[in-house]
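To start, the structure under review is shown below, and the notes come after it.
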Amino acid sequence: MAYAFCDMQMLRGAKDEYVIKEFSLYSSQYDGSRGTTIFKPPYAETILTPEQRKRNTYISRHIHGLKWNSGTVPYEHLGDMIQDLLRDYNRIYVKGVEKLRLLLGYAPRTSWRTCV
Numbered sequence: 001m002a003y004a005f006c007d008m009q010m011l012r013g014a015k016d017e018y019v020i021k022e023f024s025l026y027s028s029q030y031d032g033s034r035g036t037t038i039f040k041p042p043y044a045e046t047i048l049t050p051e052q053r054k055r056n057t058y059i060s061r062h063i064h065g066l067k068w069n070s071g072t073v074p075y076e077h078l079g080d081m082i083q084d085l086l087r088d089y090n091r092i093y094v095k096g097v098e099k100l101r102l103l104l105g106y107a108p109r110t111s112w113r114t115c116v
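Everything in the sequence shown is counted per this note's numbering, starting at 1 for the first residue and increasing by one.
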């Protein structure tokens, strides 16, 4: 049975939604990391309020180091890339309920397990 561990780093968007900046997958099937992708922002940072920018700056500086404008892959490819990366696995482990809920939208038929 093929399984994988995935993790992501996020910022918060204009509607307080999670914006995935980095998605990483570690696979049992491919002897290790299958990849890490850093996504461009879904919209300009100027759309965010000063309070939202301040919160994201704090997250960037103290948690993961990813800035709003960083990234190489357009955000509109996020869903397709996650589906492509996860389709070979019948079990995927992710840490935290918030990340689990977010990823269920991209791969609902997969057997997800949350690690707390």
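Note that the Cβ used here is the ideal one computed from N, Cα and C, for glycine as well.
Would you report the Cα separation of residue i and residue j, rounded to the nearest angstrom?
i, j, result
"N69", "G79", "19 Å"
"A107", "R12", "22 Å"
"Q52", "H62", "15 Å"
"G65", "T49", "20 Å"
"C45", "N56", "At residue 45 the sequence reads Glu, which differs from the Cys that was named. Approximately 10 Å between the Cα atoms of the pair."
"Y93", "A4", "6 Å"
"L86", "K99", "15 Å"
"L25", "G35", "6 Å"
"Y75", "Y43", "9 Å"
Let me check one thing: in DSSP terms, what residues is residue i bridge-paired to?
i, result
"L102", "Paired residue(s): none; L102 is not in a bridge."
"E17", "None, per the DSSP bridge assignment."
In chain order, what residues of the same chain have a beta carbon less than 6 Å from the beta carbon of residue i, not counting five sequence neighbours either side?
i, result
"I82", "Y106"
"F23", "M8, T37"
"G71", "I38, F39, K40"
Whose C-beta lies closer than 7 Å to the C-beta of residue i among residues of the same chain, with five residues either side of it excluded?
i, result
"I59", "L11"
"A2", "S28, Q29, D88, Y89, N90"
Report the three-state DSSP secondary structure of residue i (helix, strand or coil).
i, result
"S28", "coil"
"A2", "coil"
- Of all the alpha helix (DSSP H) runs that stay within the bounds of the segment 28–97, which reach a length of 4 or more residues? Along the segment 28–97, the alpha helix (DSSP H) occurs as fully enclosed runs of 4 or more residues at 50–59, 78–86, listed in sequence order.
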